[in-house]
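Below is one structure, written out as structure tokens; the observations come after it.
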Amino acid sequence: MSEKSALVDPFDRVVNYVRLSVTDRCNLRCTYCMSEKMEFLPRQKLLTLEEIRDIGEAFISLGVNRIRLTGGEPLVRRGLVSLVDSLASHKSLGELTMTTNGMLLETHASDLKTAGLKRLNISVDSLDPKKFNQLTRFGDIDQWYRGVYAAKKVGFSKIKLNVVVLKGFNESEICDLVAFAIDNEFDISFIEEMPLGETNSHNRSETQFHSVDVKSNICKQYDLIETLERTSGPSKYMRVVGTRTRVGFISPISDNFCNLCNRVRVTADGRLLLCLGNENSVDLRSVVRNHPGDQSILRDTIKEAIKHKPERHYFDPNRTDILRFMNLTGG
Ligand code: SAM
Ligand code: SF4
């Protein structure tokens, strides 16, 4: 039985969207997301797929109607398709989506579609083979293309590309990425880099590139019109005139969107993280391990936790207050 809008935080925001990180591991090492030598969590600390399913189901019964699977790279988690299958079977779940780097989609796109995954966000920060390889530390762009085209072929509708823009690295490719999105009738979102985890590859304060500059770059080549369309996420959209493509701007640094926040995250080790930019969290892993199969304790723990959702994040690219890397929580 679903409790409609059971999750309302102290600032009257209804939480109806959860991002579940299914692993902290990844088959790439994007420089803004991970350090070169990452230590991953010991396997026994990661939630099992059954524990992730139970947590997802508790959220659904509390009125959550959107779940995004993320990571690390979700597709490196063995058995993921069965998790998609069980979550998708819940009729009240309006949207089950995934954020992926696309590298394994050639193998998995068809099974994911059959299992009931509705939409895909596929990350890419450069279409230049050398830069792609450099930014991901070893990725092969041809494998990425094969993954994207496989997803398109099996009929995923409205694929969205996610691009993190780093000044001095890929801002010159913004229009090429928009052109690729238009050619394939994809949407595309540009994301400001957040200071999450200490990177050893670059100084984050020097690579900041704000949405307003992304937009003026695009406007040199394309006409953009305002649209009131929104998805469940933090993107503010504009439509590219004469195309089926929308361009989204995700601006955690330059244009705070916390007043509209409807999301929480569960990390790969089962921490219910109430805000990406704060450390307030509640340990759901110990709840599912100490009380296996007990949905009622899980629901009560989640309801109590939502009362402590922080009002907003404060990101300063000159400081890394949050040492947790993005691969643990996902985006
Ligand atoms: N591996 C998958 C992928 O890359 O799409 C899913 C996980 S990844 C952590 C999710 C999204 O977070 C990606 O679009 C990635 O570009 C973005 N991301 C990672 N680190 C970030 C950071 N420090 N600031 C902003 N976005 C970041
Ligand atoms: Fe892996 Fe995604 Fe992080 Fe890149 S952004 S290292 S693909 S988790």
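Numbering (this note's numbering), first residue to last: 19 to 349.
From the three backbone atoms N, C-alpha and C, an ideal C-beta is built for every residue, glycine too.
>> Which runs of the beta strand (DSSP E) at least 3 residues long sit entirely within the region 188–246? Give them in chain order.
In response: 205–210 and 242–244
> What runs of the beta strand (DSSP E), each 3 residues or longer, lie entirely inside the region 242–307?
Replying inline: 242–244, 254–258, 264–268, 281–284, 289–291 and 299–301
> Thinking C-alpha only, which one of Lys170, Asp146 and Leu153 is nearest Asp160?
Replying inline: Asp146
> Near Phe343, which residues of its chain fall below 7 Å by C-beta distance, leaving aside the five closest residues on each side in sequence?
Replying inline: Cys51, Met52, Leu214 and Gly215
> Quick one: does the C-beta of Leu38 sit closer than 7 Å to a heavy atom of the ligand SAM?
Replying inline: no
> For Thr117, does the three-state DSSP call read helix, strand or coil?
Replying inline: strand
> When the Cα of Pro92 is compared with those of Ile243, Leu138, Ser272 and Ala76, which residue comes out closest?
Replying inline: Leu138
>> Pairs of beta-carbons, one from the region 262–281 and one from the region 64–83, closer than 8 Å: are there three or more?
In response: no
> Using a Cβ-Cβ cut-off of 6 Å (strictly less than) and excluding sequence neighbours within five positions of Asp72, which residues of its own chain qualify?
Replying inline: Val306
> Which word fits Asn34, buried or exposed, when buried means at least 16 other C-beta atoms lie within 10 angstroms of its C-beta?
Replying inline: buried
> When burial is assigned at 16 or more other CB atoms within 10 Å of the CB, is Thr125 buried or exposed?
Replying inline: exposed
>> Can you list, in chain order, the residues of its chain with a C-beta nearer than 6 Å to that of Leu87? Leave out the 5 residues immediately preceding and following it.
In response: Leu38, Val40 and Met116
> Between Ile236 and Val196, which are expected to be in contact by the criterion C-beta below 8 Å, what is the C-beta distance as a whole number of angstroms?
Replying inline: 6 Å
>> My parser needs the alpha helix (DSSP H) runs of 4 or more residues fully inside the region 117–145; what are they?
In response: 123–133
> Enumerated in chain order, which unbroken segments of the beta strand (DSSP E) with a length of 3 residues or greater are wholly contained in the region 141–189?
Replying inline: 178–183
> Sorted by chain position, which residues of the same chain lie with C-beta nearer than 6 Å to Arg95's C-beta, five sequence neighbours on each side aside?
Replying inline: Val40 and Thr41
> Using CA coordinates, which residue listed in Leu105, Gln313, Pro252 and Ala169 is at the minimum distance from Ile209?
Replying inline: Pro252
> Around the Cβ of Val259, are there at least 16 other Cβ atoms within 10 angstroms (buried) or fewer (exposed)?
Replying inline: exposed
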